Amino acid sequence: QVQFVESGGGLVQPGGSLRLSCAASASISDFWTMGWFRQTPGKQRELVAAIPRLDSVKYSDSVKGRFTISKDNAKNTMYLQMNGLKPEDTGVYYCAPAYNPSTVRNWGQGTQVTVSS
1 QVQFVESGGG LVQPGGSLRL SCAASASISD FWTMGWFRQT PGKQRELVAA IPRLDSVKYS
61 DSVKGRFTIS KDNAKNTMYL QMNGLKPEDT GVYYCAPAYN PSTVRNWGQG TQVTVSS
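In terms of my numbering, the sequence shown is residues 1 to 117.
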């Protein structure tokens, strides 16, 4: 079973940027899709961005135009470049090979992103 480790989170002021990384223990090139998810207090875990193997990338409306998802199959790593961060982007970010978070059995530890002045 492939394990994922998220990193790159931190505290940033509104308007700032962060780059998250998702390092996999094995190849991610064969997964149908890889996604970034966000968990905020009181809300269900939601898909933020996805990069399918055979389709165009997807973004939630809340991050479209600000976040960019990418992956490097040679490094077994996926990234999320986050620009123009807003306080509502605050949360714990996770990665998984899925669109629907309810289908994910095992999550990594996630990485905390806090956007605050």
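Glycine included, C-beta positions come from ideal geometry on N, C-alpha and C.
In this text, all values refer to a predicted model and were calculated from it rather than measured experimentally.
Any alpha helix (DSSP H) of 4 or more consecutive residues that is wholly inside the region 7-35: none
Where does the unbroken beta strand (DSSP E) through Pro52 begin, and where does it stop? Taking the sequence shown and counting its residues from 1, the one referred to as residue 52 is at position 52. Here the beta strand (DSSP E) through Pro52 covers Glu46 to Pro52.
Next on the checklist: Less than 7 Å between the C-beta atoms of Tyr93 and Leu20, yes or no?
Outcome noted: Residue numbering aside, residue 93 sits at position 93 when the sequence shown is read from its first letter. Residue numbering aside, residue 20 sits at position 20 when the sequence shown is read from its first letter. Yes, the Cβ-Cβ distance between Tyr93 and Leu20 is below 7 Å.
inquiry  = If I measure Cβ to Cβ from Leu47 and keep anything under 7 Å in the same chain, skipping five residues before and after, which residues do I get?
reply    = The residue you call residue 47 lines up with position 47 of the sequence shown. Gly35, Phe37, Ser60, Tyr99 and Pro101, listed in sequence order.
**Prompt:** If we count Cβ pairs, one from each stretch, closer than 8 Å, do we get three or more for the region 71-80 versus the region 15-31?
**Reply:** yes
Looking at the structure shown, is Ser102 part of a helix, part of a strand, or coil, going by DSSP?
-> One-based indexing of the sequence shown puts residue 102 at position 102. Correct three-state label for Ser102: helix.
**Item:** First and last residue of the uninterrupted beta strand (DSSP E) at Asp89
**Value:** Taking the first residue of the sequence shown as position 1, residue 89 is located at position 89. Run containing Asp89: none; DSSP gives neither H nor E here.
Rounded distance between the beta-carbons of Thr111 and Glu6, thought under 8 Å: Numbered from its first residue, the sequence shown carries residue 6 at position 6. Numbered from its first residue, the sequence shown carries residue 111 at position 111. With a Cβ gap of about 4 Å, Glu6 and Thr111 count as contacting.
message: For a quick check, are the C-beta atoms of Gly108 and Phe31 less than 7 Å apart?
response: Along the sequence shown, read from residue 1 onward, the residue named residue 108 stands at position 108. Along the sequence shown, read from residue 1 onward, the residue named residue 31 stands at position 31. Cβ distance not < 7 Å, so Gly108 and Phe31 don't count as in contact.
TODO: Within its chain, find whatever has a CB closer than 6 Å to the CB of Ile51; leave out the 5 residues flanking it on each side and keep chain order.
DONE: As a first step, residue 51 is located in the sequence shown; it is residue number 51 there, counting from the start. Closer than 6 Å at Cβ, skipping near neighbours: Met34, Val57, Ile69 and Lys71.
Grab the span of the beta strand (DSSP E) containing Val113 for me, first residue to last. Position 113 of the sequence shown holds residue 113. Segment Thr111 to Val115, the beta strand (DSSP E) holding Val113.
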